[in-house]
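Numbering (full-length UniProt numbering), first residue to last: 1 to 89. The C-beta atom is built at its ideal place from N, Cα and C for all residues, glycine as well.
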Amino acid sequence: MYELIESGLKVERQKPLPLIYKEVKLDAGYRVDLLVEDCIIIEVKAVDDLSDIHLAQILTYLKLSKCKLGLLVNFNVKLLKHGIKRVIL
């Protein structure tokens with residue numbers, strides 16, 4: 001996050017993501033780990049393997065936020081490039 005801010009990007013951490021149903025805003029408890037420039041969602045994990053539930057989580061966040069690009073980042077890998085999954089809606 002520090003590097004993103006230092007490069008001049010707008011970054012919000014633990015951004016609440018409301019669920020809107022028929023013009024009613026519901027607080028469903030969704031929180032995006034990092035929202036960059038209001039258009040990229042970054043979900044941070046430290047797990048053995050990224051699973052379908054992690055993919056479902058970021059897809060839900062993308063749909064609710066109207067963002068098109070997300071990154072799943074797993075820090076529990078030997079090389080970080082092997083722990084990054086790009087998700088496009």
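Span separating the alpha-carbon of Arg31 from that of Gln14
5 Å
Val44 vs Asp52 beta-carbon contact at 8 Å
no
Quick one: grab the DSSP three-state call for Asp52.
helix
Using only CA atoms, which one of Ser65, Val11, Tyr21 and Val77 lies nearest to residue 90?
Nothing in the structure corresponds to residue 90, since the chain is present only between 1 and 89.
Do Leu72 and Lys85 have their CB atoms nearer than 8 Å?
yes
Three-state secondary structure assigned by DSSP to Leu35:
strand
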